[in-house]
Amino acid sequence: MTTIDSAKANLSGRSFLTLKDFSEKEIHYLIELAGYLKSMKKAGIPHRYLSGQNIALLFEKPSTRTRCAFTVACSDLGAHAEYLGKHDIQLGKKESVRDTAAVLGRMFDGIEFRGFHHETVEELAAHAGVPVWNGLTDQYHPTQVLADFLTIKEQIGKLKGVKLVFTGDGRNNVANSLLIGGAKIGMDIRICTPKELFPSKEIITYATEEAQQSGGNIMVTEKIADAVPGADVIYTDVWVSMGEEEKFAERIAQLLPYQVNRKMVETSGNDHLVFLHCLPAFHDLHTQVGKDVHQKFGITEMEVTDEVFQSKHSFVFDQAENRLHTIKALMAATNGKD
Ligand code: CP
Ligand code: NVA
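Under the working numbering, the very last position in the sequence shown is 413; numbers go up by exactly one each time.
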């Protein structure tokens, strides 16, 4: 059995709720498999590993990339995707999450969930009897980080030792997942954010222990001058995540100094710096929310300037495309049917 085969055997039938669920070896396996599936898709070679299967896609929150990646991945893998939005099923309203999980598990071969409480996806996974994949909760966004890792590997050629600075809301779902995943695979992860937005002690402790095992490094700091020089990757996300829309005034005041702009790129001192963002991004006034924020607070860009977003450093659309290939790898590898 090759390393890849044995990692696959270990993943079969397993859920993916946070990066804590998979080992360093398993994460590497998924990234490698995603690259392989990407090359098959580009070459037009069929890869219908989930032929005849049915996959439920549960969404309490809106989504462009995650929904489309799961849907297209299902289609490419030969499975049928059934989208179940927040008004479509009773989830937690007239039927408990536990009973819903039991019912869906009788009909579907896998379940994706995007929503608010992380406990909901845990409850689904505990009672569905089929793999459950977290498509984003308030706390974690693990499938995003698989795409981020594939993008970094494509651009920099490796993951171990890569210095990634996450700047912005340092305790959001993306930051939490990058911190855990990056620590596990031996990256040098720096969360650069005001003290009030530091990740939880529990996550910092977990990541620190993982980094000790993997040879990685963790830094959580409010000082840009400590985090950014020498960065290989600068990553940011929206300052106000879905579900906390009342926080714009507070976050703009806290996070304007952490905006990814030309000065921050220059501070990295790296001409080959890679800029990443999970998207959607507020980098101009071509969105309703961007226009509202401009009217109320007078700013035209938030977490990243349009200059950086459009620059040679930006690989955000490769990153978005890689959601498809990594989600496909995840579904194929955890599929319990082979
Ligand atoms: N990055 C991401 O999860 O995008 P969506 O919210 O569009 O799914
Ligand atoms: N932190 C963001 C990620 C969106 C993909 C949010 O939760 O809204």
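All residues carry an ideal CB built from backbone N, CA and C; glycine is no exception.
List the residues that DSSP assigns as beta-bridge partners of residue i.
i      : result
ASP151 : In the DSSP output, where bridge partners are listed per residue, ASP151 has none listed.
VAL335 : VAL379
LEU86  : LEU86 pairs with nothing; no bridge assigned.
LEU159 : LEU133
GLU170 : LEU166
PHE384 : Answer by DSSP bridge pairing: none, since PHE384 is not bridged.
PHE91  : TRP208
Nearest to residue i by alpha carbon, out of the options?
i      : options                           : result
GLN394 : ALA408, ASP174 and VAL308         : VAL308
SER150 : ASP163, GLY261 and ASN129         : ASN129
GLU187 : ASP367, ALA356 and ARG89          : ARG89
SER316 : GLY245, LEU405, ALA144 and THR401 : GLY245
GLU170 : LYS366, GLU321, THR195 and GLY373 : THR195
PHE350 : PHE145, THR226 and PRO206         : THR226
PRO269 : GLU320, ILE327, LEU239 and ALA282 : ILE327
MET294 : ALA404, GLU271, TYR333 and ALA258 : ALA258
LYS95  : GLU285, ASP346, ASN85 and VAL383  : GLU285
GLU396 : LEU348, ASP223 and ASP359         : ASP223
TRP314 : ASN292, GLN385, PHE241 and ALA282 : PHE241
LEU343 : PHE97, GLU197 and ASP301          : A small correction: the amino acid at residue 343 is Ser; Leu does not occupy that position in the sequence shown. Considering only alpha carbons, the answer is ASP301.
SER98  : GLN214, LEU221, LYS113 and LYS117 : LEU221
ASN247 : HIS400, ILE106, GLY232 and GLN214 : GLN214
GLY232 : LYS116, PHE91, HIS347 and PHE384  : HIS347
Quick check on residue i: buried or exposed, where buried means 16 or more other Cβ atoms within 10 Å of its Cβ?
i      : result
THR362 : exposed
GLU325 : exposed
ARG140 : buried
VAL249 : buried
MET416 : The question about residue 416 has no answer here: the residues shown for the chain are numbered 76 through 413.
ASP174 : exposed
SER252 : buried
ARG181 : exposed
LYS366 : exposed
PHE392 : exposed
ILE102 : buried
THR78  : Residue placement at THR78 cannot be trusted, given a pLDDT of 49 that sits under 50; what the coordinates show is reported in the next sentence. With fewer than 16 Cβ atoms within 10 Å of its Cβ, THR78 is classed as exposed.
LYS403 : buried
ILE416 : Since the first and last residues shown for the chain are 76 and 413, residue 416 lies out of range.
GLU320 : exposed
LYS431 : Examination of residue 431 is not possible in this model, given that the chain is present from 76 through 413 alone.
LEU125 : buried
LEU256 : One detail in the question is off: residue 256 reads as Gly in this sequence, not Leu. That one is buried.
For residue i, report the span of its beta strand (DSSP E) as first-last.
i      : result
THR311 : 308-311
ASN129 : 129-134
PHE350 : 349-352
Taking the alpha helix (DSSP H) that residue i belongs to, which residues open and close that run?
i      : result
ALA109 : 99-118
VAL364 : 363-372
ILE299 : 299-302
MET406 : 391-409
GLN329 : 323-330
Considering only heavy atoms of the ligand PLP, does any lie closer than 7 Å to the CB of residue i?
i      : result
VAL313 : Although the ligand PLP was asked about, the structure shown includes only the ligand CP and the ligand NVA as ligands.
Query raised in the report: Which runs of the beta strand (DSSP E) spanning at least 3 residues fall entirely within the region 176-245, listed in chain order?
Result: 185-189, 207-209 and 238-242
**Report entry** alpha helix (DSSP H) runs contained entirely in the region 235-297, provided each spans 4 or more residues
**Finding:** Listed in chain order, they are 248-259 and 276-289.
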